[in-house]
Amino acid sequence: MYVKSRPKLGIVLFLSAGLFMLFLGFIFLVLPDYYSVLNEYGMMHSIIINFVSGFILVMSSYVVYHHPEKRRICAVVVLGFSMAEVLSGAIGGAYHFTPYIRDVGVVNIFAGIIGVFGGAFSIMWKQPSTRTIKTQDRCPNCGAILREKARFCPNCGTSLSETAIYT
Ligand SMILES: [Zn+2]
């Protein structure tokens, strides 16, 4: 069976960051303490951003897993939402002086940074070459297999410097 190569680290980071964001959104939504504090300071957008970004990142990990060729477009989308997550954490956390809110900001920033790393990794990842077996050069005299850039045949000692240039 032909196995597709994928940016595994990128997929894992997308999924981790996405689930982390969904988890944060859920926590902020169900914990009355957080909810009231967030609501009090008008931070409902934090819940929305976490749910939306989390959903997008989880979907992206799924898409890249099944369609590695779409990794770049997915990475760009992930980078956008992850940066929104970092920004919302930074702005929300820095703006408010309540320790609660600052903690929320720091966790949001952390989740966003995981996504940013995943996006950066997925953009830089290259499909490995499908050429796995290198055609080996052989000695023109005896046919022995030669190392790359060998100057003499290890079998018969024929000088190879003039007969061929091995690159
Ligand atoms: Zn030889």
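Quick note: the sequence shown uses this note's numbering, first residue -15, plus one each step.
For each residue, glycine too, the CB sits at the ideal point set by N, CA and C.
Keep in mind that this is a model prediction, so the values were computed, not measured.
Nearest C-alpha to Y49 among F136, L144, K(-12), S143: K(-12).
The beta carbon of S0 sits closer than 7 Å to those of I98, all from its chain and outside the five residues before and after it, given in chain order. Per the Cβ contact rule, the segment 29 to 44 is in contact with the segment 56 to 75 (3 or more Cβ pairs under 8 Å). Using a cutoff of 7 Å, the CB of A134 does not count as near ligand 1, since none of the ligand's heavy atoms is closer than that. Contact between L130 and C123 holds: their C-beta atoms lie close to 6 Å from each other, under 8 Å.
Between A95 and L13 a beta carbon distance of about 15 Å is seen, past the 8 Å cut, so the two are scored as non-contacting. Residue side-chain check: C58 keeps its Cβ at 7 Å or more from all non-hydrogen atoms of ligand 1. The DSSP-derived three-state label of S72 is helix. Selection A104, V90, L144 evaluated against F(-2) yields A104 as nearest (Cα-Cα). In this structure R55 is buried. Its beta-carbon is surrounded by 16 or more other beta-carbon atoms within 10 angstroms. Contact residues of ligand 1 (beta-carbon closer than 5 Å to any heavy atom; chain order) are C123, N125, C126, A128, C137, N139, C140, T142. Looking at the backbone, the Cα of P112 and that of M28 are separated by about 44 Å. Separation of the CB atoms of A68 and I33 is rounded to 6 Å, and the pair is thereby assigned contact status at 8 Å.
Of all alpha-carbon atoms in G76, V42, D87, the one lying nearest the alpha-carbon of G(-6) is that of V42. Rounded to whole angstroms, the Cβ separation of V100 and L63 is 6 Å, and the two are in contact under 8 Å. Looking at the DSSP output, I129 bridges to R122.
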